[in-house]
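The opening position of the sequence shown corresponds to residue 368 in this note's numbering, with each subsequent residue numbered one higher. C-beta: ideal position from N, C-alpha, C; glycine also.
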Amino acid sequence: METFGATQGSGPTGPTSVRTVLSEADISRVLTRIAHEIIEANKGTRDLVLLGIPSRGFPLAQRLAERIARTEPGTDPAAITGQLDITMYRDDLRHSTTRTPSPTRLPAGGIDGKVVVLVDDVLYSGRTIRAALDALSDLGRPRIVRLAVLVDRGHRELPIRADHVGKNLPTAASEKVRVRLGEIDSEDGVPVNDVVIVGQP
Numbered sequence: 368m369e370t371f372g373a374t375q376g377s378g379p380t381g382p383t384s385v386r387t388v389l390s391e392a393d394i395s396r397v398l399t400r401i402a403h404e405i406i407e408a409n410k411g412t413r414d415l416v417l418l419g420i421p422s423r424g425f426p427l428a429q430r431l432a433e434r435i436a437r438t439e440p441g442t443d444p445a446a447i448t449g450q451l452d453i454t455m456y457r458d459d460l461r462h463s464t465t466r467t468p469s470p471t472r473l474p475a476g477g478i479d480g481k482v483v484v485l486v487d488d489v490l491y492s493g494r495t496i497r498a499a500l501d502a503l504s505d506l507g508r509p510r511i512v513r514l515a516v517l518v519d520r521g522h523r524e525l526p527i528r529a530d531h532v533g534k535n536l537p538t539a540a541s542e543k544v545r546v547r548l549g550e551i552d553s554e555d556g557v558p559v560n561d562v563v564i565v566g567q568p
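Here it is as structure tokens:
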């Protein structure tokens, strides 16, 4: 269920509202469902690799791997999880030089012949995923590449579709979708897990 926060501050064109669309419990349920979908689509965990796109795609990939391991005994979450940095493959790099690259870390078995699931927090224009596919092609040749996202907010600029979606979230282009995960985000030292939309009421 969506909850609506109070108006918080003012933007250049008026007050700004914050609307919570996924709570911590919602995120947990969504990730459990996606983990089961991945197992079903792959018919188990054979040749499975989860690659998170920094920054929040990586902790999401870790959470998914942990849930998959609980369902599939004998699966080592760390052995199927990695991180894929796309900084140098972005088509807006020349306009945004402040991005700090994150290390790309692949599982010991690499990605050749594997079923790779790219994991990201928000699917928007599709340009991040295109960059991820370019980065992936320089690292090896997966057998299959799938995409799992916590939120699909629409407004696609490229013909890219997610295979596993936590929540389809219609938004205005002027709104911002913010995903906060406890591995990265906190308030007053307390980890925060939620998804909110910030925009004009």
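**Request:** Could you tell me the distance, in whole angstroms, from the CA atom of ALA436 to the CA atom of PRO444?
**Result:** Distance between ALA436 and PRO444, taken at the CA atoms: about 6 Å.
**Straight-line Cα distance separating ASP555 from ALA529** = 34 Å
**Request:** Tell me LYS481's beta-bridge partners as DSSP assigns them.
**Result:** Bridge partners of LYS481: none, in fact.
**PRO558 versus PHE425 - alpha carbon distance** = 16 Å
**Asked** Using DSSP with H/G/I as helix, E/B as strand and the rest coil, what is ALA515?
**Response** strand
**Request:** Tell me, please, whether the region 468-485 touches the region 537-546 by the rule of three or more beta-carbon pairs shorter than 8 Å.
**Result:** no
**Message:** For LEU431 and GLY476, what's the separation of their Cα atoms in angstroms?
**Reply:** 19 Å
**Asked** Roughly how many angstroms lie between the CA atoms of VAL622 and LEU451, to the nearest whole one?
**Response** The structure shown does not extend to residue 622, since the chain spans only 368 to 568, so no value can be given for it.
**Item:** Residues bridged to ASP487 (per DSSP)
**Value:** VAL516
**Message:** Residues in the same chain with beta-carbon distance under 8 Å from VAL563, minus the five sequence neighbours each way, listed in chain order, please.
**Reply:** GLY372, VAL385, ARG386, THR387, VAL388, VAL544, ARG545 and ARG547
**Asked** How should THR374 be labelled, buried or exposed, when 16 other C-beta atoms within 10 angstroms of its C-beta is the threshold for buried?
**Response** Low per-residue confidence applies at THR374: pLDDT is 36, beneath 50, and the placement is therefore not dependable enough to give any value.
**Request:** With a 10 Å radius around its C-beta and 16 neighbouring C-beta atoms as the bar for buried, classify THR495 as buried or exposed.
**Result:** Buried, because 16 or more other Cβ atoms sit within 10 Å of the Cβ of THR495.
**Request:** Would you please verify whether the beta carbon of LYS534 is less than 8 Å from any beta carbon of chain B?
**Result:** Here there is only one protein chain, and chain B is not present.
**Message:** Can you tell me which residues form a DSSP beta bridge with HIS531?
**Reply:** For HIS531, which the question treats as bridged, DSSP gives the partners ALA515.
**Message:** Please report the straight-line C-alpha distance between THR454 and SER492, rounded to a whole angstrom.
**Reply:** 16 Å
**Prompt:** Looking at C-beta atoms only, is the number of pairs between the region 390-407 and the region 514-526 that lie closer than 8 Å three or more?
**Reply:** Contact holds between the region 390-407 and the region 514-526, because three or more Cβ pairs, one in each stretch, are under 8 Å apart.
**Inter-residue Cα distance where the pair is LEU418 and THR383** = 35 Å
**Message:** Here's a check: name, in chain order, each residue in its chain whose Cβ is nearer than 7 Å to the Cβ of GLU542, leaving out the five neighbours to either side.
**Reply:** ILE564, VAL565 and GLY566
**Request:** Quick one: using the 10 Å Cβ neighbour count with 16 as the cut-off for buried, is ASP488 buried or exposed?
**Result:** Here ASP488 is buried: its Cβ has 16 or more other Cβ atoms, across all protein chains shown, within 10 Å.
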